[in-house]
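Asker: Let me give you the structure first, and then I'll get to my questions.
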Amino acid sequence: MEWIEELKSFIPEEQIKTTLADRHSYSYDGSFGEYLPDAVVQVKQKEEVAAVLKLANMYHIPVNPRGQATCLSGGPLPVHGGISLDLSQWPQHVEVFPDDLIAVTSPSTRTGKINEAAEAYGLMYPPDPSSAHVATIGGNLAENSGGPRGLKYGVTKDFVIGLELVTPEGEIIRTGGRTIKNVTGFDLTKLVVGSEGTLGVITEATLKLLPKPPAVQTLMVVFDDVRTAGAAISKTLTSGILPSKMEFMDQACIQAVENFQPAGLPVDADAIVIIELDGHPETIAIETERVQDIMENIGAVKSTIPETEAEAAKIWHARKQVSPAIAKIKPTKVSEDATVPRSKIPDLMDRLDVIKEKHNVEIVVFGHAGDGNLHPNVLCDKRDQEEMRRVELAVEDMFEAAIELGGTLSGEHGIGTMKAPFMEMELGEVGLDLMKRIKDSWDPNGIMNPGKVFPEKGQKLVLRNE
Ligand SMILES: Cc1cc2nc3c(=O)[nH]c(=O)nc-3n(C[C@H](O)[C@H](O)[C@H](O)COP(=O)(O)OP(=O)(O)OC[C@H]3O[C@@H](n4cnc5c(N)ncnc54)[C@H](O)[C@@H]3O)c2cc1C
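Each residue of the sequence shown is one higher than the last, beginning at 44 in the working numbering.
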């Protein structure tokens, strides 16, 4: 292809991969689909990104940005071929400016490293997706990722105050800045965050940091009924106490973790809620007692407080193992992140039970229950076409349930290819059209990550190999 030869005139040849084997290894992410790019280009500086985008824009070649490909909704997949733009080889760099309480990072920096760098100054970077040890900040920004601490502190968008971005036409721009307050013009920073690589390539981020709380307290509460757990979560959140984390695991998740990497979780429990309170030691001691009372009064079987930091870390490690542990139960897992207003969690649990029965599918549930963001995972086998048809119907019903309960298609995993067909259901025709018009004005030739977020004509949810 002519454009691949042209690429070699400004990108070092060892950063361009065109063999089938190389392209094949870029055809997956953490979701379902499998699409081959025509070429992989590994970029390590903004000038390279700008040059690639200028060329792609001229030849109308799709460009699919890619961090570490842990995306669960198909975001980095080259669904229309073109270039897989790999940012994972860009040197990781994070610089903390403690007097301004900010950090400036390169797009490839792993999220966990940002928090580690902040901690060296007694600060913290709160967003903590479970994939923080592998995923890049570029991917987090594009997906607006969140994690357990989202309950108290918010998600990625709440901590980004400035970006450097290469536009689809290859121009390098800056949005926002280094100040906490900034109301100059439209907030392009927030528009880019969560746009899933459809508006340009993020090449640098300026992030807000917070003082690290002096103390944390973990507690694990055991329930013999999932609905009671949901009610206890709602009751705690309306009691005047705001935990930093409040995570839910159902029995199947508890058992899967115990089979995978035993952590001493109660395997007979129907559900557990793992809570973290943070703040000054005196305050969290009072709050811990209060939360235990609330949970026990509403029907918790028991609550336990780990005696050492190591014990608490073991419980949180167990929570992080849920995803890999349930992946061992069946060959395929379809991971969803239906999110509802917090008071509707018990209703969502009921709807999931009905969906499970109706379509005869295996669903396990865990997630960030404190902010209404549950992860129902359908465990199945991609090779069984008949089962996958039932899974498709179950997933459609989950989306419908979330929206009917006043919620959203995605709390943090993004729309990608998988949820694009359902966008109109949530946004309405006019809302979706307005979003599309913004996209078209940023990217007149439609080269940035096509096939994501916006439904294509006749597109349906398909989880089968057709
Ligand atoms: C085990 C596991 C646990 C997870 N836990 C969580 C969780 O707790 N919370 C959560 O929110 N997510 C979670 N995820 C999903 C995933 O880790 C996040 O979406 C993450 O932000 C993706 O980062 P990445 O570097 O892998 O990006 P990729 O998967 O490579 O890309 C994600 C999207 O970002 C775009 N993109 C990447 N880099 C750039 C850039 N520099 N500029 C513009 N666009 C870019 C891509 O085009 C794509 O649309 C989990 C995934 C796994 C596999």
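Where a beta carbon is used, it is the ideal one built from N, C-alpha and C, also for glycine.
Note that this is a predicted model, so its numbers are computed, not measured.
Leaving aside the five residues before and after Trp485 along the sequence, list all residues of the same chain whose C-beta is less than 6 Å from its C-beta, in chain order.
Answerer: Cβ neighbours of Trp485 beyond the five flanking positions: Leu242.
Asker: Any heavy atom of ligand 2 closer than 7 Å to the beta-carbon of Pro172?
Answerer: For the structure depicted, ligand 2 is absent and the ligand set comprises only ligand 1.
Asker: In chain order, what residues of the same chain lie with their CB nearer than 8 Å to the CB of Gly117, ignoring the 5 residues before and after it?
Answerer: So the list reads Asp72, Ser74, Phe75, Gly76, Gly459, Thr460, Met461, Lys495, once near-sequence residues are dropped.
Asker: Output the distance between the C-alpha atoms of Leu506 and Arg426, rounded to the nearest integer angstrom.
Answerer: Cα-Cα distance, rounded: 10 Å.
Asker: Can you find the residues in the same chain that come closer than 6 Å, C-beta to C-beta, to Gln260, ignoring five residues on each side of it along the sequence?
Answerer: The residues are Leu320, Ile327, Thr331.
Asker: Does ligand 1 have a heavy atom nearer than 7 Å to the CB of Arg192?
Answerer: Answer for Arg192: no, Cβ out of range of ligand 1.
Asker: In the structure shown, what three-state DSSP assignment does Cys114 receive?
Answerer: Here Cys114 sits in coil by DSSP.
Asker: Examine the Cβ distances between the segment 159 to 166 and the segment 425 to 445 and report whether three or more of them are shorter than 8 Å.
Answerer: Taking 8 Å as the limit for Cβ pairs, the verdict is that the segment 425 to 445 does not touch the segment 159 to 166.
Asker: Taking just the CA atoms, how far does Gln111 sit from Ile317?
Answerer: Ile317 and Gln111: Cα-Cα distance of roughly 28 Å.
Asker: Assign Leu395 to one of three DSSP states: helix, strand, or coil.
Answerer: Residue state, collapsed to three classes: helix.
Asker: Taking all protein chains shown into account, decide if Tyr168 is buried (16 or more other Cβ within 10 angstroms of its Cβ) or exposed.
Answerer: Label assigned to Tyr168: buried.
Asker: Can you find at least 3 beta carbon pairs, one from the segment 411 to 422 and one from the segment 185 to 198, that sit closer than 8 Å?
Answerer: Contact holds: three or more Cβ-Cβ distances are below 8 Å.
Asker: In terms of residues, what are the limits of the beta strand (DSSP E) holding Arg217?
Answerer: 215 to 219 is the span of the beta strand (DSSP E), which, as asked, contains Arg217.
Asker: Are there 16 or more other CB atoms within 10 angstroms of the CB of Ser52, so buried, or fewer, so exposed?
Answerer: Label assigned to Ser52: exposed.
Asker: Which same chain residues, not among the five before or five after Gly450, have their C-beta less than 6 Å away from its C-beta?
Answerer: Within the same chain, Gly450 has close Cβ partners Thr382, Val383.
Asker: Go through its chain and collect everything with a Cβ distance to Pro80's Cβ below 8 Å, but skip five positions before and after it.
Answerer: Here the set comprises Arg66, Tyr69, Ser70, Asn107, Pro121, Gly124, Gly125, Ile126, Ser127.
Asker: Quick check: is the beta carbon of Leu506 nearer than 8 Å to any beta carbon in chain D?
Answerer: The displayed structure is made up of one protein chain only, and chain D is not part of it.
Asker: Out of Pro464, Lys89, Asn488, point me to the one whose CA is closest to Glu214's CA.
Answerer: Ranking the options by Cα distance to Glu214, first place goes to Lys89.
Asker: Taking 7 Å as the cut-off, is the CB of Gly197 close to at least one heavy atom of ligand 1?
Answerer: Not so, every heavy atom of ligand 1 lies at least 7 Å from the Cβ.
Asker: Ignoring anything shorter than 3 residues, give me the beta strand (DSSP E) runs that lie fully in the segment 378 to 462, in order along the chain.
Answerer: List check, beta strand (DSSP E) in window: 405 to 411, 416 to 423.
Asker: Just to confirm the assignment: which complete alpha helix (DSSP H) runs, minimum length 4, are found wholly within the segment 85 to 133?
Answerer: The segment 85 to 133 contains these whole alpha helix (DSSP H) runs: 89 to 102.
Asker: In the DSSP assignment, find the unbroken alpha helix (DSSP H) run with Ile341 in it and report its ends.
Answerer: It spans 324 to 341 - the alpha helix (DSSP H) in which Ile341 sits, taken as one unbroken run.
Asker: What is the rounded straight-line gap between the Cα of Ile104 and the Cα of Ile490?
Answerer: So the alpha carbons of these two residues sit roughly 6 Å apart.
Asker: DSSP beta-bridge partners for Asp321?
Answerer: Answer is Val259, bridged to Asp321.
Asker: When you measure from the CB of Ala178 to every non-hydrogen atom of ligand 1, does any distance come out below 7 Å?
Answerer: Ala178: yes, Cβ under 7 Å from ligand 1.
Asker: Go through its chain and collect everything with a Cβ distance to Gly322's Cβ below 6 Å, but skip five positions before and after it.
Answerer: For Gly322, where only same-chain residues beyond five positions count, the Cβ hits under 6 Å are Pro256.
Asker: Is there contact between the segment 397 to 409 and the segment 290 to 297, where contact requires at least three CB pairs shorter than 8 Å?
Answerer: Yes, they touch.
Asker: Mind checking Leu510: buried by the 16 CB within 10 Å criterion, or exposed?
Answerer: With the chain represented from 44 up to 509, any question about residue 510 goes unanswered, as that position is not in the structure.
Asker: Determine which residues share a DSSP beta bridge with Val209 and list them.
Answerer: According to DSSP, which records beta bridges pairwise, Val209 is partnered with Ile215, Val244.
Asker: Please state the DSSP three-state secondary structure of Ile59.
Answerer: If DSSP states are grouped into helix, strand and coil, Ile59 belongs with the strands.
Asker: Within 10 angstroms of its Cβ, does Val397 collect 16 or more other Cβ (buried), or is it exposed?
Answerer: Its Cβ having fewer than 16 others within 10 Å, Val397 is exposed.
Asker: Would you mind sorting Val377 into buried or exposed? The rule is 16 or more other CB atoms within 10 Å of its CB.
Answerer: By the neighbour-count rule (16 or more Cβ atoms within 10 Å), Val377 is buried.
Asker: Use the C-beta contact count for Ala64: other C-beta atoms within 10 angstroms, 16 or more gives buried, fewer gives exposed.
Answerer: By the neighbour-count rule (16 or more Cβ atoms within 10 Å), Ala64 is not buried but exposed.
Asker: Does DSSP put Lys503 in a helix, a strand or coil?
Answerer: Of the three classes helix, strand and coil, the one that applies to Lys503 here is coil, per DSSP.
Asker: DSSP three-state call for Met292: helix, strand or coil?
Answerer: The answer is strand: DSSP assigns Met292 an E or B state.
Asker: Less than 8 Å separating the beta-carbons of Ala338 and Val269?
Answerer: Sequence inspection shows Met at residue 338; the Ala mentioned does not correspond to that position. Against a cut-off of 8 Å, the Cβ pair of Val269 and Met338 comes out as no contact.
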